[in-house]
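See structure below.
In full-length UniProt numbering, the protein residues as written are 1 to 126.
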C-alpha cells in the first residue's frame, strides 16, 4: 500500500526505484551529503560511506518486490523483499527521514539469517 501524497514517501520511493533498478548514481541523488544510516553492521556516516555500503549489494541484487510503503511530511517507511544471487528471498525495510528533498537519516533493517546460511553453506563446499 502506498500514499504518494507524502513528500517523504515520494523521495523514498524514487530512491527505492533507483537502487532496485541498479542505478546507484541516480539513487545517490536522493541521499544527503551528511546522511546517517543505522544498519545491522553498524552506523554509516556520509554519502561516500553510504555509497560504499550500497554499491556491493547492488552487484548481487537480481530483483525486488515492494511489500508496503507509508509516509508523512518528513518520514517514510518502505518494506520490500529482495532477490539476490546468493539468497532468493531477503526481506528488508527502511525508515527514512527526508529534509529538503534528501534522505538525511535511514534506519535500515534486513534479515541477515539467509545470507549467513548461504555463506555457511558455501564455506562447507569449498
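Glycine included, each C-beta is placed from N, C-alpha and C at the ideal position.
These numbers were taken from a predicted model, which means no experiment stands behind them.
Exposed or buried, residue i, counting other C-beta atoms within 10 Å across all chains shown (16 or more means buried)?
i, result
"residue 116", "exposed"
"residue 68", "exposed"
"residue 71", "buried"
"residue 90", "buried"
Relative to the C-alpha of residue i, which residue among the options is closest?
i, options, result
"residue 96", "90, 88, 7 and 105", "105"
"residue 127", "103, 60, 38 and 50", "In the structure as shown, the chain starts at 1 and stops at 126, and residue 127 therefore has no counterpart that could be examined."
"residue 107", "39, 86 and 54", "39"
"residue 57", "13, 5, 12 and 87", "87"
"residue 12", "101, 112, 34 and 113", "101"
"residue 111", "51, 92 and 118", "92"
"residue 37", "52, 23 and 113", "52"
"residue 33", "49, 20 and 24", "49"
For the alpha helix (DSSP H) containing residue i, name the first residue and the last one.
i, result
"residue 15", "7 to 20"
"residue 51", "47 to 60"
"residue 25", "24 to 28"
"residue 76", "Premise fails: residue 76 lies in the beta strand (DSSP E), 75 to 84, not in any alpha helix (DSSP H)."
Quick check on the DSSP output: the beta strand (DSSP E) that includes residue i runs from which residue to which?
i, result
"residue 94", "90 to 99"
"residue 39", "31 to 39"
"residue 112", "First-last for residue 112: undefined, no H or E at that position."
| said: For the segment 41 to 48 against the segment 67 to 76, do three or more pairs of beta-carbon atoms, one drawn from each stretch, fall closer than 8 Å, so that the two count as touching? | reply: no
| Taking one C-beta from the segment 83 to 99 and one from the segment 22 to 29 each time, how about it: are there three or more such pairs within less than 8 Å? | no
| Counting pairs of Cβ atoms below 8 Å between the segment 51 to 68 and the segment 77 to 90, do you hit three or more? | yes
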